[in-house]
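In our numbering, the protein residues as written are 9 to 113.
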């Protein structure tokens, strides 16, 4: 049975380890559609609770949290910091250090 793109996204997001982050575009690419970063956002918004996804480990390609202050930014940042992810003075994560780079999917 062939897995759907949605199922591949869910599987990948669940694999992001503690203390690491992935970008929306990275997850889309790994799931087979490099132009589907917005679908990653949709899956996170619609399925994070039901699928028990570590939604907070997915950030944008600039290394920043996309949520706005007062709309989830603070929660996402605190959850990442609890896992040891560090932010610079501009609210960016060093992707060279914290980006998840799986050897095998």
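Backbone N, C-alpha and C define an ideal beta-carbon position, used for all residues, glycine too.
Item                                                                                                          : Value
Residues bridged to residue 107 (per DSSP)                                                                    : 29
Distance between residue 59 and residue 18 (C-alpha atoms, nearest Å)                                         : 7 Å
Residue 79 - DSSP class collapsed to helix/strand/coil                                                        : coil
Among 62, 14, 38, 35, nearest to residue 91 - alpha-carbon criterion                                          : 62
CA-to-CA distance, residue 48 to residue 56, given in whole angstroms                                         : 11 Å
Buried versus exposed call for residue 15 [16 or more other C-beta atoms within 10 Å across all chains shown] : exposed
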